[in-house]
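Add 1 to a position in the sequence shown, counting from 1, and you land on the number used in the numbering used here.
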Amino acid sequence: MNSFNIPSAQTELKNKNPRRILKYALENFDNIAISFSGAEDVVLIDMALNIRKDIKVFSLDTGRLHSETYRFMEKVRKHYQIDIELLTPDRTLLDPFVKAKGLFSFYQDSHQECCGIRKVEPLRRKLSQLDAWITGQRKDQSLDTRQDIPEVQLDTAFSSDNKPLIKFNPLLNWSSAQVWDHIEAYQVPYNELHEKGFISIGCEPCTRAVLPNQHERIGRWWWESGNKKECGLHAGNVTTEQPRNKPST
Ligand code: SF4
């Protein structure tokens, strides 16, 4: 794995379709997993199972998800007959945080601390065991933070000095419409919240429905500015520069 050549892989995969990128990822790495939370990730699971039956899937259970999201996870588990490993926060970090700041501190001092404990730390624990992971990131999910993502990259946020971590983004060039075309065509399970105006779905207190033609990220951490709208899972996307283009409201 240490000999994995990212520039060469990127040259080979640039602008290839998601199935080709997934196949490459799953053929080159045994110790690889799909990160599952939203509609895009189920499309990845749906495609990946046609390539390899023994795919590994994990999801972050922050303890603050909608009940619809838990039902969605269960639907996916049963539909594909796969295991979904749920990653939960470390109680030794979570308990003192909640005791000191309560359950809604993110509305006052930003989402970073809560996401750090409920999402980033459990993810870091999991990723430290993997050689590569597959995400459902798409460029058009965020004009501020996702425009430059490549098909394959070194995950600078979660690699360590002695253990590089490779990240594959097979759906990067797909639009939301293409994702939903696949969901409809192949009868892929989806979160029932999508029928209630939700597009990008995270934790219940930090997600709300959006109006027609509003950008999907508007519904996430709506009290914060656009260039901060990453929870830390894709921290390498976030720069300190001003947003080049704020989503329209
Ligand atoms: S999305 Fe909101 S509730 Fe969920 S971990 Fe982040 S700040 Fe906490």
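All C-beta atoms in this analysis are idealised placements derived from N, C-alpha and C, irrespective of residue type, glycine included.
This structure is a prediction, so every number in the text was calculated from the model and none was measured.
Boundaries of the alpha helix (DSSP H) around I22: P19 to N29. Along the length of the stretch 66-117, whole alpha helix (DSSP H) runs at least 4 residues long occupy 68-81, 92-102, 107-110 and 113-116, reported in chain order. In the three-state scheme derived from DSSP, where H, G and I count as helix and E and B as strand, W134 is classed as strand. Counting only the Cα atoms, I22 lies some 10 Å from Q11. The closest heavy atom of the ligand SF4 lies 7 Å or more from the beta carbon of G198. Residue pairing of Q11 in beta bridges, as defined by DSSP: absent, with no partner found. Look at R209 here: in three-state DSSP terms it is coil, with no helix or strand label.
Burial is judged here by how many other beta carbons sit within 10 angstroms of a residue's own beta carbon; T70 has at least 16 and is buried. Excluding residues up to 5 positions away in sequence, S129 lie with their Cβ nearer than 8 Å to the Cβ of S161 in the same chain. Looking at the DSSP output, L61 sits in a beta bridge with L88.
In the three-state reduction of the DSSP assignment, V180 falls in the helix class. Counting the other CB atoms within 10 Å of its CB gives E185 a total below 16, which places it among the exposed residues. Boundaries for V153: no alpha helix (DSSP H) harbours it, while the beta strand (DSSP E) harbouring it runs V153 to L155, taken from the DSSP string. Buried is the label assigned to K168, since at least 16 other Cβ atoms lie within 10 Å of its Cβ. Remark: the shortest separation between the CB of G203 and any heavy atom of the ligand SF4 falls under 7 Å.
The three-state secondary structure of A34, taken from DSSP, is strand. Put simply, the backbone Cα of T157 is about 6 Å away from that of G237. Within the DSSP bridge table, the entry for F169 names I135 and V153 as partners. Checking the 7 Å criterion, the Cβ of T12 is out of range of every heavy atom belonging to the ligand SF4.
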